[in-house]
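See below for the structure under consideration.
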Amino acid sequence: MPNNTYNLELVKEQNRTMVIEILNSLGTTTRTELANITGLTRATITNIINEFLEVNLIEEVGTIDGKVGRKRKLIKINEDAFYVVGIEFGVNIVRTGVYNLNGKNISFSEKEINSYAKPNDILENIYKVVDNTLSELNDEINMIKGIGIGMPGIIDSDKKVLESVHPFPLLKNYPLCKQIEKHYKIPVWLENDANGAALGEKWFGHGKNYQNYVFVVGDAGIGAGIIINGQLYRGAFNSAGEIGHTLFSRDFIQLENEGGLYKLTEKYKLPIEELLKLSKNNADIYETLCEINQAFAIGIVNLVNTMNTEAVIIGGRILNGGYHLIREIKRIVEEYTFATESPKILVASKKESAILAGAASIAIEQIVSSPYQFLLNS
């Protein structure tokens with residue numbers, strides 16, 4: 003027998019999440035427009051907005067003329083209603099930042115770590131860098147509602163654990179989030195870094211304008227975060243978007259081996275950042291970079307022809323190679339996209355901080371999806 007009370011509460015929560023997401027997308031709107039877009043009654047929208055006003059999640063920012071001379075109040079999300087912490091795990095480095103709902107970076111810190119270290123040693127370094135970030139806050143520290151962590155690899159977001167070995171072999175299946183939750187006494191969520199970057203665009207960037215898009219990371223490796231109908235798609239076994247592991251040739255060479263920037267370091271034995279700078283004046287490095295970029299573009303074409311998305315957002319250090327690389331990607335995608343219309347090719351809104359901002363948005367996504375748990379009953 004269905005639990006009608008539970009179903010009603012679930013619908014109420016989903017309605018509130020939908021209203022927050024629409025407000026985030028529109029920026030500024032009215033109660034009437036929200037009712038028209040959502041299909042909810044004016045009374046329901048009024049109740050939701052009153053709840054949000056009570057906890058300062060939204061604010062009234064003026065009026066516009068309505069029908070029959072009536073003025074309508076404009077409303078928008080209060081960007082400083084609450085803050086979240088983002089933690090970005092890179093190879094041998096961890097970055098943290100505090101963000102508001104508009105994607106503004108309130109504070110930032112980073113620290114080199116050993117990716118092959120024991121979990122306890124990695125945890126201690128996380129605490130140090132997070133504490134350093136939080137030390138820049140005053141009373142705002144009480145506004146932090148959660149922590150989002152983005153890292154490469156296959157992530158079980160329900161269990162909040164890393165399921166793959168590379169590049170953090172000793173963190174596989176380790177309860178990292180539980181330990182951090184216990185230490186800071188606030189909720190912590192874990193997500194693949196490309197998935198986080200895709201969510202970052204939803205809350206802070208280009209994703210406000212699209213319901214179906216992919217965020218593709220072009221770096222030492224290649225990965226993608228996929229948004230379908232405004233929601234993150236993880237796949238049946240949490241590995242959706244791992245396009246770097248798709249096969250590039252009949253010899254079973256993976257795309258990442260041909261289109262990842264690690265190929266530069268393998269060939270020239272220098273750090274990626276240094277090689278990207280040298281490519282501007284070194285013909286050999288430039289040619290290799292262009293070959294890598296072409297392979298990367300082919301991977302994007304395959305993804306576009308499979309997913310048929312409205313937009314492709316590109317992030318990662320490939321952006322540091324020069325805008326001519328993005329122009330070439332755009333040319334290849336336009337030429338080889340099978341659909342009648344090619345997707346928009348866009349550069350990450352946060353560029354070099356896309357993964358960190360994405361980590362913060364992981365927490366925002368979870369908080370907003372359970373407004374009664376995290377916002378309305380606090």
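Numbering (the numbering used here), first residue to last: 3 to 380.
We put the beta carbon where it would ideally sit given N, CA and C, even for glycine.
Just the C-alpha distance for I188 and E260, rounded to the nearest angstrom, thanks.
-> The sequence position of residue 188 within the sequence shown is 186, counting from 1. The sequence position of residue 260 within the sequence shown is 258, counting from 1. Approximately 42 Å, taken between the alpha carbons.
Based on the DSSP secondary-structure assignment, which residues constitute the bridge partners of E61?
-> Here residue 61 refers to the residue found at position 59 when the sequence shown is read from its first residue. Partner(s): K78.
Do you know offhand how far S117's Cα is from A359's?
-> By 1-based counting over the sequence shown, the position of residue 117 is 115. By 1-based counting over the sequence shown, the position of residue 359 is 357. Looking at the two C-alpha atoms, the distance is approximately 21 Å.
Classification of N283 by the beta-carbon crowding that lies within 10 angstroms, buried from 16 upward | By one-based count along the sequence shown, residue 283 stands at place 281. Exposed is the call here.
Between the beta-carbon of D195 and the beta-carbon of I364, is there less than 7 Å?
-> Reading the sequence shown from its first residue, position 193 is the one you call residue 195. Reading the sequence shown from its first residue, position 362 is the one you call residue 364. For D195 and I364, no; Cβs fall outside 7 Å.
First and last residue of the alpha helix (DSSP H) that includes V93?
-> If you number the sequence shown from 1, residue 93 lands on position 91. Per DSSP, V93 belongs to no alpha helix (DSSP H) and is neither H nor E.
In three-state terms, what does DSSP make of T135?
-> Residue 135 sits at position 133 when you count from the first residue of the sequence shown. Correct three-state label for T135: helix.
Helix, strand or coil for D123 per DSSP?
-> Taking the sequence shown and counting its residues from 1, the one referred to as residue 123 is at position 121. Three-state result, D123: helix.
For V21, name the three-state secondary structure that DSSP assigns.
-> As a position in the sequence shown, residue 21 is number 19, starting the count at 1. Of the three classes helix, strand and coil, the one that applies to V21 here is helix, per DSSP.
Kindly list the residues whose CB is nearer than 8 Å to the CB of K73, restricted to its own chain and excluding five residues on each side of it in sequence; keep chain order.
-> Residue numbering aside, residue 73 sits at position 71 when the sequence shown is read from its first letter. So the list reads T65, I66, D67, once near-sequence residues are dropped.
Beta-carbon gap between V96 and Y85 smaller than 7 Å | Along the sequence shown, one-based indexing puts residue 96 at 94. Along the sequence shown, one-based indexing puts residue 85 at 83. No, they are not a contact pair.
Beta-carbon contacts of A83 that lie in its chain and below 7 Å, excluding the five residues immediately before and after | Indexing the sequence shown from 1 puts residue 83 at position 81. Result list for A83: N58, L59, L103, in chain order.
Bridge-paired residues (DSSP) for R97 = Locating residue 97 in the sequence shown gives position 95, counting from the first residue. Looking at the DSSP assignment, R97 forms a beta bridge with E90, E112.
What residue from K14, E354, I77, V13 has the CA that sits closest to T30's CA?
-> Translated into the one-based positions of the sequence shown, residue 30 becomes position 28. Measuring from the Cα of T30, the nearest candidate turns out to be I77.
Are the Cβ atoms of P345 and T308 separated by less than 7 Å?
-> Translated into the one-based positions of the sequence shown, residue 345 becomes position 343. Translated into the one-based positions of the sequence shown, residue 308 becomes position 306. Going by C-beta atoms, P345 is not nearer than 7 Å to T308.
Just checking my contact of Y215 with V314 at CB under 8 Å: how many whole Å lie between their CB atoms?
-> To locate residue 215, count along the sequence shown from 1; it is residue 213. To locate residue 314, count along the sequence shown from 1; it is residue 312. Their Cβ separation, rounded to whole angstroms, is 7 Å, which keeps Y215 and V314 in contact under 8 Å.
Could you tell me if L373 is buried or exposed, where buried requires 16 or more neighbouring beta carbons within 10 angstroms of its beta carbon?
-> Translated into the one-based positions of the sequence shown, residue 373 becomes position 371. A small fix is needed here, since residue 373 is Pro in this sequence, not Leu. With 16 or more Cβ atoms within 10 Å of its Cβ, P373 is classed as buried.
Simplified DSSP state of F217, which is helix, strand or coil | One-based indexing of the sequence shown puts residue 217 at position 215. F217: strand per DSSP, three-state reduction.
Report the three-state DSSP secondary structure of Y235 (helix, strand or coil).
-> By 1-based counting over the sequence shown, the position of residue 235 is 233. Strand.
CB of E258 within 7 Å of CB of G246, strictly | To locate residue 258, count along the sequence shown from 1; it is residue 256. To locate residue 246, count along the sequence shown from 1; it is residue 244. Contact flag set, yes.
Exposure of K407, with buried meaning 16 or more beta-carbon neighbours within 10 Å | The chain is shown only over 3 to 380; residue 407 falls outside these bounds and no answer can be derived.
Along the chain, which unbroken stretches of the beta strand (DSSP E) at least 3 residues long are found entirely within the segment 218-285?
-> 224-230, 233-235
Touch check for the segment 326-335 and the segment 45-55: three-plus C-beta pairs under 8 Å?
-> no
7 Å Cβ shell around L377 - same chain, five flanking residues per side excluded = Here residue 377 refers to the residue found at position 375 when the sequence shown is read from its first residue. Correct list, in chain order: V57, L59, I369.
Quick one: what's I193 bridged to in DSSP?
-> One-based indexing of the sequence shown puts residue 193 at position 191. Going by the sequence as given, residue 193 is Glu instead of Ile. The partner list for E193 (beta bridge, DSSP) reads G152.
Apart from the five residues on each side of it in sequence, which residues of its chain come closer than 7 Å, Cβ to Cβ, to A341?
-> Position 339 of the sequence shown, counted from the first residue, corresponds to residue 341. Excluding sequence neighbours, A341 sits near N310.
Runs of beta strand (DSSP E) wholly within the segment 291-329 (minimum 3 residues, chain order) | 313-317
For K14, I'd like the list of residues in its chain whose CB is within less than 7 Å of its CB, leaving aside the five on either flank, ordered along the chain.
-> In the sequence shown, residue 14 corresponds to position 12, counting from 1. Excluding residues within five positions, none has a Cβ falling inside 7 Å.
Under 7 Å between the Cβ atoms of S159 and E193?
-> Against the sequence shown, residue 159 aligns to sequence position 157. Against the sequence shown, residue 193 aligns to sequence position 191. Yes, the pair counts as a contact, with Cβ atoms nearer than the cut-off.
Within 10 angstroms of its Cβ, does A45 collect 16 or more other Cβ (buried), or is it exposed?
-> Residue numbering aside, residue 45 sits at position 43 when the sequence shown is read from its first letter. The residue in question, A45, is exposed, as its Cβ has fewer than 16 Cβ neighbours within 10 Å.
For D133, which of P121, G88, K162 has the nearest alpha-carbon?
-> The residue you call residue 133 lines up with position 131 of the sequence shown. For D133, the nearest C-alpha among the options comes from G88.
Does the beta-carbon distance from F217 to G227 come in below 7 Å?
-> What you label residue 217 is simply residue 215 of the sequence shown in a count that begins at 1. What you label residue 227 is simply residue 225 of the sequence shown in a count that begins at 1. Contact: yes.
Proximity below 7 Å, CB of S166 to CB of I156 = Taking the first residue of the sequence shown as 1, we reach residue 166 at position 164. Taking the first residue of the sequence shown as 1, we reach residue 156 at position 154. Yes, the pair counts as a contact, with Cβ atoms nearer than the cut-off.
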